[in-house]
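**Student:**
There are 2 protein chains.
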Amino acid sequence: MAESGTDGRAAQRVAGRSGGETEGPDRGQSAEGDAGRRVERADAARNRYAVLRATEQLLAEGGGEHVSLDRVAALAGVGKGTVFRRFGSRAGLLQALLEERSRDLRDAVTNGPPPLGPGAPARERLLAFLDGLGSIAEGNAILLAAHEQACAEDKYDDLSYRFWHRHLGTLLAAERPDLDADFLAHAILAVFDGALIRHLTPPGDPRRFTRSVQELAMTLLGTAAPARAL
Amino acid sequence: MAESGTDGRAAQRVAGRSGGETEGPDRGQSAEGDAGRRVERADAARNRYAVLRATEQLLAEGGGEHVSLDRVAALAGVGKGTVFRRFGSRAGLLQALLEERSRDLRDAVTNGPPPLGPGAPARERLLAFLDGLGSIAEGNAILLAAHEQACAEDKYDDLSYRFWHRHLGTLLAAERPDLDADFLAHAILAVFDGALIRHLTPPGDPRRFTRSVQELAMTLLGTAAPARAL
DNA sequence: GCACCATCCGGACCAACAGTCCGGATACCC
DNA sequence: GGGTATCCGGACTGTTGGTCCGGATGGTGC
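Taken in order, these protein sequences are the chains called L and D. Using the numbering used here, read the first sequence as starting at 474 and increasing by one per residue. Using the numbering used here, read the second sequence as starting at 474 and increasing by one per residue.
(1) Among D:A668, D:F636, D:A547, which one has its Cα closest to the Cα of F602 of chain D?
(2) Going by Cα to Cα distance, which pick from L:G605, L:E573, L:L652 is closest to V582 of chain L?
(3) Considering only the beta carbon of each residue, do L689 of chain D and I670 of chain D sit closer than 8 Å?
(4) Just checking: is the beta-carbon of Q622 of chain D within a distance shorter than 8 Å of some beta-carbon in chain L?
(5) Check the Cβ of A674 of chain D against every Cβ in chain L and list those closer than 9 Å, keeping chain order.
(6) Are there three or more Cβ pairs, one per stretch, closer than 8 Å when the region 554–570 of chain D is compared with the region 515–531 of chain D?
(7) Going along the chain, which residues of the region 627–655 of chain D sit with their C-beta nearer than 7 Å to a C-beta in chain L?
(8) Using only CA atoms, which one of D:G695, D:S541, D:D516, D:R514 lies nearest to L616 of chain D?
(9) Please check if any C-beta of chain D sits within less than 8 Å of the C-beta of T692 of chain L.
(10) When the distance is taken between beta carbons, is A668 of chain D closer than 8 Å to Y634 of chain L?
(11) Of all the CB atoms in chain D, is at least one closer than 8 Å to the CB of L532 of chain L?
(12) When burial is assigned at 16 or more other CB atoms within 10 Å of the CB, is E534 of chain L buried or exposed?
(13) Output needed for F665 of chain L: all residues of its chain with C-beta closer than 6 Å, excluding positions within five of it in sequence on either side, in chain order.
(14) Run down chain L in chain order and give the residues with a C-beta less than 7 Å from the C-beta of D666 of chain D.
(15) Can you tell which of L:G552, L:R563, L:R526, L:L531 has the C-alpha that lies nearest to the C-alpha of E573 of chain L?
(16) Can you list, in chain order, the residues of its chain whose CB lies under 7 Å from that of E621 of chain L, leaving out five sequence neighbours each side?
(17) Beta-carbon of H659 of chain L versus every beta-carbon of chain D: anything under 8 Å?
(18) Please list the residues of the region 676–688 of chain D that have a C-beta atom closer than 7 Å to any C-beta atom in chain L, keeping them in chain order.
(19) Quick one: what's A593 of chain D bridged to in DSSP?
(20) Nearest-angstrom Cα distance between D580 of chain L and P586 of chain L?
(21) For V524 of chain L, which residues from the same chain have a beta carbon less than 8 Å from its beta carbon, with the 5 sequence-adjacent residues on both sides left out?
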């Protein structure tokens, strides 16, 4: 950076979590200053919702490159400034979308029932987790690629990434304390690359990537190959 | 070469040709030629050199984002059109630089003496190869990151990538025919991510990434006896 | 119902970028 | 030295991510 007045600082400003579930905007705005809890204005929530929907629509119909913020704003029927005020940057927007799509898995991993949630043996939790994450990745390869592109260097500081990484590392360490679980967790996550997923997913077998990742993990753990039904 | 001593060990262990490499890939563009081998004009060769050196200088002093083609052209003392005529695109420029820096390893792997070249057991060749590739990656993390950024989707069609992938896959398959060597090769290469390398390399231990990758590979192969102390 | 003010909106605006083009310069060959 | 294919330079274009601020809007207290 250091080129001119335009540094990427705005990107860090990324406004709070995107709220909406599948249906309609909701109010939320966690904000940081909890004391001055400001409820998000109705039009703001509406716009955020519209922007997210527009983003996924563009993502679906064109490639990841096709999603410029001008287009997003236009399709959402809002001004460009609005997009930036909500999401801080292109990376923030994509990240919000990604987070929205992985929130369920995150919750399930934290509080849900086994085998995803706590309670099951590490190996089974691992397989379940990779199944879930793989499913999300397979369904959002384009979004993933665009996000990686936009995030660039900051990817590894990202909160979502760190959550997945910690979870994965914990499970690996539980099963194989002798290995470098931290690095292996990075290695497994490195495979979740949008472009690679697209490269490896044949038309007829949408779950192949996930199976490969699971197999990779089992090999790392020194598999006894539990015959599981996928 | 002859500029920054970026890749240390690999450059030593690999018998290298001196820096006077004549030309990189001519990046398609003009030379759909055939037998009519066109000799590059002297000024053209001079300029390509200047551009490459300017690129690495900018890469060294600023971040990867700092390398805009305008700046490269300016620093090289050539026009912008020249850069594009030589390298086709930003991605092409970075790739040429990357290729220049990994050519020695490539040759050593193909024709060199064991353990890098043919002749040694697959496991040892694998370790040597990862050592070499890791060395290059550690010394060029910024360049790597910039290249990934620029390549985006096309990364997996890249000739260099495919060469590394095939080599890795072959070695893995030789040692463990029961595994999905193709996927595992992708997985190992996925770890060679510029940003990740920077994230994982502590100031005091520049070779840690390589060691981790080697360990990963050994774990995959089901190491019982490490072929050498890591 | 009204008025007030924080909050938010819109889109004009900006700098920077990758990539194109073509008149003019130049190296090479004879 | 002359001729020509090749190459050079940098002005030019179209698009992008990101900023800014006058003006509109929603929420709230009355």
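Beta carbons: idealized from backbone N, C-alpha and C, even for Gly.
**Tutor:** Let me lay it out:
(1) D:F636
(2) Comparing Cα-Cα distances from V582 of chain L to each of L:G605, L:E573, L:L652, the minimum goes to L:G605.
(3) no
(4) yes
(5) Before going further, note that residue 674 of chain D is Thr rather than Ala in the sequence given. Residues of chain L passing the Cβ test: none, with the nearest at roughly 12 Å.
(6) yes
(7) K628, Y629, L652, D653
(8) D:S541
(9) yes
(10) The criterion of a C-beta distance shorter than 8 Å is not satisfied by Y634 of chain L and A668 of chain D.
(11) no
(12) exposed
(13) A610
(14) A663
(15) Looking at the Cα atoms, L:R526 is the closest of the given residues.
(16) K628, D666, G667
(17) yes
(18) Taking 7 Å as the upper bound on Cβ-Cβ separation, chain L lies near residues S685, E688 of the region 676–688 of chain D.
(19) D:P591
(20) Across the structure, D580 of chain L and P586 of chain L are spaced so that their CA atoms are roughly 10 Å apart.
(21) V545, A546, A549, V551, T555, V556, R559, F560, L566
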